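**Student:** After the structure tokens below, expect a handful of questions from me.
Number of protein chains: 2
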Amino acid sequence: MQPPDPSGVLEVRDIGSMHVGGRSASLDGLPPQEIRFSPGGPLVRIDPNGDFEIEQMYVQYVRLSRPRARHPLLLMHGGGLCGAMYETKPDGRPGWQRWFLQAGHDVFVADAVERGRASWARSPQFFQGEPVFRTKAEAWELFRIGAQGSWAGAVRSSAAHPDTLFPVAAFDQFMKQSIPRWASTEAAVQAAYDTLARLHGPFVVVTHSQGGNFAFAMALAHPEKIRAIVAVEPSGFPAPESNDLARLAGIPHLMVWGDHLQASAVWRQLRPQVERYRAALVAAGADVEDLDLPSLGIAGNSHLPMMDSNSDDVAARIQAWMERKGLMA
Amino acid sequence: MQPPDPSGVLEVRDIGSMHVGGRSASLDGLPPQEIRFSPGGPLVRIDPNGDFEIEQMYVQYVRLSRPRARHPLLLMHGGGLCGAMYETKPDGRPGWQRWFLQAGHDVFVADAVERGRASWARSPQFFQGEPVFRTKAEAWELFRIGAQGSWAGAVRSSAAHPDTLFPVAAFDQFMKQSIPRWASTEAAVQAAYDTLARLHGPFVVVTHSQGGNFAFAMALAHPEKIRAIVAVEPSGFPAPESNDLARLAGIPHLMVWGDHLQASAVWRQLRPQVERYRAALVAAGADVEDLDLPSLGIAGNSHLPMMDSNSDDVAARIQAWMERKGLMA
């Protein structure tokens, strides 16, 4: 397949967004908040009680005049990030949103419940527990830009994997995309994704990391609404023993893996678990392929191939799989 | 001017986003967080200390192949909201982002520091004080959908202004756009906007409510980067006595006002203050016009004319002003 021309003009039929799912909820009995609205100004009493909307998600879409793809593409982010991860890359080059538009897909980009434009709800009243803010050390090591223990307080003093394809000089710029998360919101996130699929599917899904579990579960809830799943380094999955994976038999899956998994304790543990889910999917009759980049001789991809220097090449390989699976007109 | 055809095709040269401004910051000395990552699962100890990026803002842009406008349009949101307020309206109809694209503007949509895809920083360590969550009662009354005291716990039991142009049936859907705010982040918000103007201007700005003050101050910081300001019901402004408003003399201003200001104690107080800023601007030599909708015989606009049923008409009046001011090629 010819790679799409990133300088080409997009003929756009529609661009817009929506908030999906969620519910009304109320608070009462909380004491007044005392807020200082300007430095040195008076303390103002605010009544925090009242009615709210909570647990909605956000989706932005760009629809083409003449899409080649049979179904819109839904881009689902991973943990601690939002849909912006698929837009322009931290080094300023075009990301996958742009690439897949140019390849002829209508593209929907999601912000899950609690992230980005989906907004978040008062905590701990609605979102239980405390928010978790990812440190640069965790991102550097979990996203496998450098080996465990290699973050040393700043990019210039931290050793990246010598062959990394992540744009290391743009690491701080990438960290500006980080968004806090709660560990308690999984059911709400899933409910909103399920509503999105039910009301606005069918979709072909590209999902990343934490988003893998949400995509697999969304497909179990509404298999007729999910026409394919590209899971980029999924970090979780529905338990095969308590779900009927045969419902996914008609949905082609592509699992995408980068490099240096052995350099991370988390990934050394996670990858074999995902392989067990993969095996259960195959046993249930699903068509599952792998895009294991190191086994193709492509070294140095991080956990974020959509931001790595070869992101266009990885996208083209995903696109080629979609063409083979009959997902393009 | 012919209103642009909302069903027309957009020829898009580029679509993307960026995070702008902000800084590196670190935390140490905090005790471990204990987080339960799944219901019934173990408490996991998380070290919250480390390095972060904070106080950046987010901007998404759509650039046309052949823009008619001389400068990109920057859409700045108000308090408790993010850039999504300019996208598809809560009732599902196209919003101002789409309208101004169709009218020939490159459109940038901002999420200020702490909102939406800009993300937010750990509080109270970085963002001082507590976040404030806007209740439905406050939005209903402050945004002048109904009179003060008319919110009665649900849309169906609350009396809207009989002539309101706000899509009342979509009020709960609108509330899903609400995003918490801090009262302590104003300097960081301003710094990021100033950086945006300096690095990526010049812009023509459309700003709303709380965003008015940020736009006026951004123009004072970088007057050569701001070519016009459309302030939709601005709620604040830089103090005329401590700023050199003559720096704004070359920047045409349009002030847009809806209906029912007298039905709100906050707006009864705010409007005359803004009129004083307006007078100081004029005295400093600036070209200031008003689009006071009620005085034109247009009744029923809320604080959110970009979501009211006549939003296309209001946009067309703003567009006509831009044409008169020589902002279109």
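Those sequence lines, one after another, are chains V and S. So the first sequence is numbered by our numbering: it starts at 1 and just counts up by one. So the second sequence is numbered by our numbering: it starts at 330 and just counts up by one. Virtual Cβ for every residue (Gly too), placed ideally from N, Cα, C. Quantities reported herein were computed from a predicted structural model and do not represent experimental measurements.
1) Identify, in the order they occur along the chain, each residue of the same chain with its Cβ nearer than 6 Å to the Cβ of S/S638, setting aside the five sequence neighbours on each side.
2) Please check if any C-beta of chain V sits within less than 7 Å of the C-beta of S/H529.
3) How would you label S/P360, buried or exposed, when you count the other beta carbons within 10 angstroms and need 16 or more for buried?
4) What distance in whole Å lies between the Cβ atoms of V/N213 and V/P240, which are believed to be in contact at a cut-off of 8 Å?
5) Anything in chain S within Cβ reach of V/S17, meaning under 7 Å, just list it in chain order.
6) Does the beta-carbon of V/V163 have 16 or more other beta-carbons within 10 angstroms, so that it is buried, or is it exposed?
7) Report buried or exposed for S/P371, applying the criterion of at least 16 other Cβ atoms within 10 angstroms of its Cβ.
8) Enumerate in chain order the residues of its own chain whose CB-to-CB distance from V/Q125 is below 7 Å, with the five nearest sequence positions on each side excluded.
9) According to DSSP, which residues form a beta bridge with S/W586?
10) Report the option in S/G350, S/H589, S/L402 and S/R463 whose CA atom is closest to the CA atom of S/V535.
11) Tell me which residues share the same chain as S/Q591 and place their Cβ nearer than 8 Å to its Cβ, disregarding the 5 neighbours each side in the sequence.
12) Give me whichever residues DSSP pairs with V/G16 in a beta bridge.
13) Suppose you measure from the CA of V/K89 to the CA of V/A315; what does that come to, to the nearest Å?
14) Let's test the definition: count the other Cβ atoms within 10 Å of the Cβ of V/E224 and tell me whether it reaches 16, buried, or not, exposed.
15) Taking the alpha-carbon of S/H406 as reference, which of S/R576, S/L610, S/A544 and S/I580 has the nearest alpha-carbon?
16) Taking S/S631 as the reference, give the member of S/H490, S/A594, S/Q506 and S/A516 with the closest Cα.
17) What residue does the beta strand (DSSP E) around S/E470 start on, and which one ends it?
18) Any beta-carbon of chain V closer than 7 Å to the one on S/D451?
19) Please state whether the Cβ-Cβ distance between S/L410 and S/Q506 is less than 7 Å.
20) Counting only the same chain and skipping the five closest in sequence on each side, list residues whose C-beta sits under 6 Å from that of V/H19.
21) Secondary structure at S/I647, three-state DSSP: helix, strand or coil?
22) Which residues of chain V have a Cβ atom closer than 8 Å to the Cβ of S/P509, listed in chain order?
23) Do we get a CB-CB distance below 7 Å when we pair S/I364 with the residues of chain V?
24) Return no unless some Cβ of chain S is closer than 7 Å to the Cβ of V/F133.
25) Among V/A121, V/V232, V/N243 and V/A197, which has the Cα closest to the Cα of V/L293?
26) Between V/D194 and the rest of its own chain, which residues show a CB-CB distance below 6 Å, the 5 nearest in sequence each way excluded?
27) When burial is assigned at 16 or more other CB atoms within 10 Å of the CB, is V/M1 buried or exposed?
28) Under 7 Å, Cβ to Cβ, is there at least one residue of chain V near S/M330?
29) Is it buried or exposed, S/L528, if we count other Cβ atoms within 10 angstroms and call 16 or more buried?
30) Can you list the residues of chain V that S/R427 reaches, using a CB-CB cut of under 7 Å?
31) Which residues does DSSP pair with S/L339 in a beta bridge?
32) For V/E53, which residues in chain S fall below 9 Å Cβ to Cβ?
33) Nearest chain V C-beta to S/G351 closer than 7 Å, yes or no?
34) Can you give me the C-alpha to C-alpha distance between S/E467 and V/E130, rounded to a whole angstrom?
35) How many angstroms separate the CA atom of S/Q426 from the CA atom of V/H260?
36) Against chain S, with Cβ distances strictly below 7 Å, would V/E11 count as a contact?
**Tutor:** According to the data block:
1) L494
2) no
3) exposed
4) About 13 Å separates the two Cβ atoms, so there is no contact after all.
5) A413, E416 and T417
6) For clarity, residue 163 of chain V is Asp in the given sequence; the question names Val instead. Exposed, since its Cβ has fewer than 16 Cβ neighbours within 10 Å.
7) exposed
8) L27
9) S/D621
10) S/L402
11) R597
12) V/Y61
13) 14 Å
14) exposed
15) S/A544
16) S/H490
17) Taken as a continuous stretch (DSSP letters only), S/E470 belongs to no beta strand (DSSP E), being part of the alpha helix (DSSP H) at K465 to L471.
18) Strictly speaking, residue 451 of chain S in this sequence is Arg, with Asp absent from that position. Yes, because at least one Cβ of chain V sits closer than 7 Å to the Cβ of S/R451.
19) yes
20) Q56 and Y58
21) helix
22) S119, W120 and R122
23) yes
24) yes
25) V/V232
26) M218 and A221
27) Only weak support is given to the placement of V/M1: the predicted model assigns it a pLDDT of 46, under 50, and the question is left unresolved by the model.
28) Low confidence applies to S/M330: its pLDDT is 46, below 50, so where it sits in the model is not reliable enough to give any reading.
29) exposed
30) I15 and G16
31) V/V12
32) K465, D501, Q502, F503, M504, K505, Q506 and S507
33) yes
34) 26 Å
35) 42 Å
36) yes
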